[in-house]
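J.:
There are 2 protein chains.
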Amino acid sequence: MRTPLERIRAALKRRKIDALLVTQPENRRYLSGYTATDHAINESAGVLLIPSEAEPYLLTDSRFFLQAERDAPGFLVKLYPRGLFPLLRILLRRHRIKRLAFESHYFLHSTAQTLAALAEKLKVELLPLTGLVEELRLCKDAEELAKIERAVRLNEEVFAEVYRSLRPGQTEREVALRIETVMRLMGASRPSFETIVASGPNAALPHAVPGERTLREGETIVIDMGLVLDDYCSDMTRTVVLGAPDEKTVALFRLVRKAQLAGLQSLRAGVTGQDVDRIARGVIERAGLGERFGHGLGHGVGLNVHEGPSLNYRNRKPLAAGMVVTVEPGVYIPGWGGIRLENMAVVEGQGCRVLNRDTTFLDL
Amino acid sequence: MRTPLERIRAALKRRKIDALLVTQPENRRYLSGYTATDHAINESAGVLLIPSEAEPYLLTDSRFFLQAERDAPGFLVKLYPRGLFPLLRILLRRHRIKRLAFESHYFLHSTAQTLAALAEKLKVELLPLTGLVEELRLCKDAEELAKIERAVRLNEEVFAEVYRSLRPGQTEREVALRIETVMRLMGASRPSFETIVASGPNAALPHAVPGERTLREGETIVIDMGLVLDDYCSDMTRTVVLGAPDEKTVALFRLVRKAQLAGLQSLRAGVTGQDVDRIARGVIERAGLGERFGHGLGHGVGLNVHEGPSLNYRNRKPLAAGMVVTVEPGVYIPGWGGIRLENMAVVEGQGCRVLNRDTTFLDL
């Protein structure tokens, strides 16, 4: 089994690329092991320079030196006290790089202009690439799957802990804060996205921001939460009701759960993201609620909480074993509320393995 | 007093630009009032299209429609169900845009390629710009200053609350989590950056990540924290010691405080960021510790926690009244620890006004 670094080098050689500049933070982590996070796209914690034929470099500044040396033993750590480009100039010359690829989808236009000026001086041909490393990241190996599974498990434990303390009168914001606090107390690095707690009519907005609205009995409460553990993400949605749900709620809940199960039952290597989306969506469409399910069925999860492959009408590529996706159908009724159920599963040859273990909240 | 939108339009007309595309999230908020945050640079909550001669647009997707309408009453909210570019094509034609500027410093290279293809079809000239809106944001008006002051005040209250509960044996991570939890319980939207709690030798790293190290008596503990309140940021560093500090600690603390006061005393409209940095740095250099102060003296704060103007050797532009900056000298001794003290101040005609009120922890 070749390492990601060996595979990326082979891909570079096939394309006759002399070196690749890696700026996307999760790609950087994937290839090097370097775990620092960027404050923002223009405040990078470092860049990889991977020559196809020489030892790879991790370029960073003095703040990150110790962490870089510790995390990325296979990389030569070089510091750029006066910014990236003077150092890059030296390294491109040293290795006689003539064709340099960069990650077009994670490279600012203004920075690309500076890079283009340098490349012109050094007579280097620039090749904007997208998705080369992301492609490798699609299928997870056993170690990655184990990490993702631990992140899913911890997310469930956090949910169970917070669920026990849910009471009418608490605000959405309070509950979201408690979720994010408990996460970190239980060992997560951080939430993998801003936690959603949406109650009553707010639950009709798939991306509601938790606010001052208080939880009431009988309404649906959509809780969409995820965490990062050991650099890998989890993502899960539960819809709960305090007190007794009415008939409409129960009927819609069962419909969404049925759609989710249909999606999971169709998920296996060889089918497309489009297929799985269509099968789950069909359940909701046949109930006459197709227009109330306005988003895709799911997305990949790994080092990023949103990555490939997509489960939606646009993805016509066959899925492969080792891909990890969410399956998250929903129904959203303006003015009333919404229901979304989201589990994560790993694609296998003959089917899929659901990574969530706790089904307590799916038995409404 | 013209609004930011009026000023940006005047700037566009002066440069004969027909429209500006605003992608940088804080610029978008500044011009429109729209408060949504982006999950990532490739998961935008929306874009402004500001024609120089027609009503401005806020382009977003259905998830954000209600928030956009509520936050940005002066903007026409348009949805892009199939992505930004099909909608942009319609609007560029409708307004006969021939010269379109975009924010080169917050625009992905790959997205710029798509934009360039569209522009070519429509015979639109593209103008990559950097810093046009940021330039307007440098000097804060009275309302902005009031918001920043409230963010600073709340940050101090959070610090005071957490300080009372600091005990030897707590981990850095625990304390950082408590700070971020208390912030949000006391009303902040979120931390403005990842809270730093660095103790003992870790305090020698200016950007230490809080870890499992436990606080011990007699060591320096650097706490660098900030929050967002009403969209505006605060940023503050305190260095504290549990138990009695030794002589070396007291001497270094006084040195750093002296450097900070020298910086603040030199801060006024007309001096450059370079001047202020040099004056504060001189205090530490004369004590023979110049090499132990490896970062710039300060940075601007506003909608972004790191924005212009910089107080460092590179900034040769005169400061102006209404700019808000941090003044944060430090001394870092490898193996021993570090001391950093950071306050925020607003530049005025004859001096500056320090925004921090609590000096309790500066009297060591």
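Chains as they are written, first to last, in the working numbering: chain A, 1 to 364; chain B, 365 to 728. Yeah, the Cβ is synthetic: ideal placement off N, Cα and C, and Gly gets one too.
1) Taking the straight line between their C-alpha atoms, what separation do you get for B:E433 and B:A383?
2) Would you kindly check if the distance between the Cβ of A:S310 and the Cβ of A:H295 is under 8 Å?
3) Going along the stretch 57-77 of chain A in order, which residues come within less than 9 Å of chain B, judged by CB to CB distance?
4) Using a Cβ-Cβ distance under 8 Å, would B:E472 count as near chain A?
5) Which residue or residues does DSSP assign as beta-bridge partners of A:E103?
6) Strictly under 8 Å for the Cβ-Cβ distance: is A:F193 near chain B by that measure?
7) According to the neighbour-count rule (16 or more other Cβ atoms, all chains shown, within 10 Å of its Cβ), is A:Q260 buried or exposed?
8) Restricting to runs no shorter than 4 residues, where is the alpha helix (DSSP H) found entirely within the stretch 146-231 of chain A?
9) For the beta strand (DSSP E) that A:K78 lies in, which residues bound it at each end?
10) Can you name the residues of chain A whose CB is closer than 9 Å to the CB of B:H459?
11) B:G701 and B:A608 - do their beta-carbons sit closer together than 8 Å?
12) Which residue or residues does DSSP assign as beta-bridge partners of A:R238?
13) Strictly below 7 Å CB to CB, what residues from chain C border B:I405?
14) Quick one: measure Cβ to Cβ for B:S598 and B:M708, integer angstroms, because I've assumed they're closer than 8 Å.
15) Output the boundary residues of the beta strand (DSSP E) element that contains B:I317.
16) Please classify B:P532: is it buried, with 16 or more other beta-carbons within 10 angstroms of its beta-carbon, or exposed?
17) In whole angstroms, what is the alpha-carbon distance linking A:T130 and B:L472?
18) What are the uninterrupted segments assigned as alpha helix (DSSP H) that are 4 or more residues long and contained completely in the stretch 621-709 of chain B, given in chain order?
19) Within 10 Å of its beta-carbon, does B:E390 have 16 or more other beta-carbons around it, so buried, or fewer, so exposed?
20) What's the gap between the Cα of B:R704 and the Cα of B:L606?
21) Find out if the Cβ-Cβ distance for the pair B:L430, B:Y421 is shorter than 8 Å.
22) Whole angstroms is fine: what's the gap from A:S104's alpha carbon to A:E194's?
23) On the three-state DSSP scale, how would you describe A:L59?
24) Roughly how many angstroms lie between the CA atoms of A:R150 and A:L229, to the nearest whole one?
25) Am I right that A:L59 and A:L84 are in contact with their C-beta atoms under 8 Å? What's the rounded C-beta distance?
26) Buried or exposed, going by whether 16 or more other CB atoms sit within 10 Å of the CB of B:E536?
27) Can you pull the chain B residues whose beta carbon is under 9 Å from the beta carbon of A:H299, in chain order?
28) Assuming B:I560 and B:A572 make a contact with CB atoms under 8 Å, what is their CB distance in whole Å?
29) Taking B:A476 as the query, report the chain A residues whose CB atoms sit under 7 Å from its CB, ordered along the chain.
30) Label B:A644 either buried or exposed according to how many other C-beta atoms from any shown protein chain fall within 10 Å of its C-beta, with 16 as the threshold for buried.
31) Identify the contact partners of A:P210 in chain B, using a Cβ-Cβ distance below 8 Å as the criterion.
32) B:P415 and B:I372: beta carbons closer than 8 Å?
33) Using the C-alpha atoms, what's the distance from B:A436 back to A:L205?
34) Check the Cβ of A:G294 against every Cβ in chain B and list those closer than 8 Å, keeping chain order.
35) Short of 6 Å in beta carbon distance, which residues of its chain neighbour A:A36, apart from the five on each side in sequence? Order them along the chain.
36) B:R650 CB to nearest chain A CB: under 8 Å?
T.: Taking the coordinates as given:
1) Position 69 of the second sequence, counted from the start, is the residue given in the question as residue 433 of chain B. Position 19 of the second sequence, counted from the start, is the residue given in the question as residue 383 of chain B. Spanning the two alpha carbons is a distance of roughly 21 Å.
2) The residue given as residue 295 of chain A occupies position 295 in the first sequence. The residue given as residue 310 of chain A occupies position 310 in the first sequence. Cβ distance not < 8 Å, so A:H295 and A:S310 don't count as in contact.
3) Under the 9 Å Cβ criterion, the stretch 57-77 of chain A contributes S62, R63, F64, L66, Q67.
4) The count along the second sequence starts at 1 and reaches residue 472 of chain B at position 108. Glu is not the amino acid found at residue 472 of chain B; the sequence shown has Leu there. By this cut-off, B:L472 is an interface position.
5) As a first step, residue 103 of chain A is located in the first sequence; it is residue number 103 there, counting from the start. Bridge partners of A:E103: A:L129.
6) Locating residue 193 of chain A in the first sequence gives position 193, where the first residue counts as 1. Answer yes: the Cβ-Cβ gap between A:F193 and chain B drops below 8 Å somewhere.
7) In the first sequence, counting from the first residue as 1, residue 260 of chain A sits at position 260. Buried is the call here.
8) 172-185
9) For the purposes of this step, residue 78 of chain A is taken as residue 78 along the first sequence, with counting starting at 1. Unbroken beta strand (DSSP E) run through A:K78: 76-79.
10) The residue you call residue 459 of chain B lines up with position 95 of the second sequence. None at all; the shortest Cβ gap to chain A is about 23 Å.
11) In the second sequence, the residue the question calls residue 608 of chain B occupies position 244. In the second sequence, the residue the question calls residue 701 of chain B occupies position 337. Cβ distance not < 8 Å, so B:A608 and B:G701 don't count as in contact.
12) One-based indexing of the first sequence puts residue 238 of chain A at position 238. A:I223, per the DSSP bridge assignment.
13) No chain C appears in this structure, whose protein chains are A and B.
14) As a first step, residue 598 of chain B is located in the second sequence; it is residue number 234 there, counting from the start. As a first step, residue 708 of chain B is located in the second sequence; it is residue number 344 there, counting from the start. Confirmed, Cβ separation roughly 7 Å.
15) With chain B covering 365 to 728 only, the question about residue 317 of chain B has no answer from this structure.
16) Your numbering for residue 532 of chain B matches position 168 in the second sequence. Exposed, because fewer than 16 other Cβ atoms sit within 10 Å of the Cβ of B:P532.
17) Along the first sequence, read from residue 1 onward, the residue named residue 130 of chain A stands at position 130. Along the second sequence, read from residue 1 onward, the residue named residue 472 of chain B stands at position 108. So the two alpha carbons sit approximately 11 Å from each other.
18) 637-650
19) Here the question's residue 390 of chain B lines up with position 26 in the second sequence. By the 10 Å Cβ count, B:E390 comes out buried.
20) Locating residue 704 of chain B in the second sequence gives position 340, counting from the first residue. Locating residue 606 of chain B in the second sequence gives position 242, counting from the first residue. Answer to the nearest angstrom: the Cα atoms are 16 Å apart.
21) Counting from one through the second sequence, the residue named residue 430 of chain B turns up at place 66. Counting from one through the second sequence, the residue named residue 421 of chain B turns up at place 57. No, they are not a contact pair.
22) Along the first sequence, read from residue 1 onward, the residue named residue 104 of chain A stands at position 104. Along the first sequence, read from residue 1 onward, the residue named residue 194 of chain A stands at position 194. Near 27 Å, if we compare the C-alpha coordinates of A:E194 and A:S104.
23) As a first step, residue 59 of chain A is located in the first sequence; it is residue number 59 there, counting from the start. DSSP places A:L59 in strand when its eight states are reduced to three.
24) Here the question's residue 150 of chain A lines up with position 150 in the first sequence. Here the question's residue 229 of chain A lines up with position 229 in the first sequence. Each residue's alpha carbon lies about 8 Å from the other.
25) Translated into positions along the first sequence, residue 59 of chain A becomes position 59. Translated into positions along the first sequence, residue 84 of chain A becomes position 84. Yes, they are in contact, since the Cβ atoms of A:L59 and A:L84 sit about 6 Å apart, within 8 Å.
26) Numbered from its first residue, the second sequence carries residue 536 of chain B at position 172. Per the 10 Å Cβ criterion, buried.
27) On the first sequence, position 299 is the one that residue 299 of chain A refers to. Neighbours of A:H299 on chain B: none; closest Cβ ~11 Å, over 9 Å.
28) Translated into positions along the second sequence, residue 560 of chain B becomes position 196. Translated into positions along the second sequence, residue 572 of chain B becomes position 208. The pair is a contact, with the Cβ atoms about 6 Å apart (cut-off 8 Å).
29) Against the second sequence, residue 476 of chain B aligns to sequence position 112. Under a criterion of Cβ atoms nearer than 7 Å, the residues of chain A adjacent to B:A476 are, in order, H109.
30) The residue you call residue 644 of chain B lines up with position 280 of the second sequence. Result: buried.
31) Translated into positions along the first sequence, residue 210 of chain A becomes position 210. Here the premise fails: no neighbours, minimum Cβ distance about 11 Å.
32) Here the question's residue 415 of chain B lines up with position 51 in the second sequence. Here the question's residue 372 of chain B lines up with position 8 in the second sequence. Contact flag unset, no.
33) The residue labelled residue 205 of chain A in the question sits at position 205 within the first sequence. The residue labelled residue 436 of chain B in the question sits at position 72 within the second sequence. A:L205 and B:A436: Cα-Cα distance of roughly 19 Å.
34) Along the first sequence, one-based indexing puts residue 294 of chain A at 294. Near A:G294 (Cβ distances below 8 Å), the residues of chain B are S426.
35) Within the first sequence, numbered from 1, the residue matching residue 36 of chain A stands at position 36. Hits under 6 Å: A45, F64, Q67.
36) Within the second sequence, numbered from 1, the residue matching residue 650 of chain B stands at position 286. So no, B:R650 is outside the interface.
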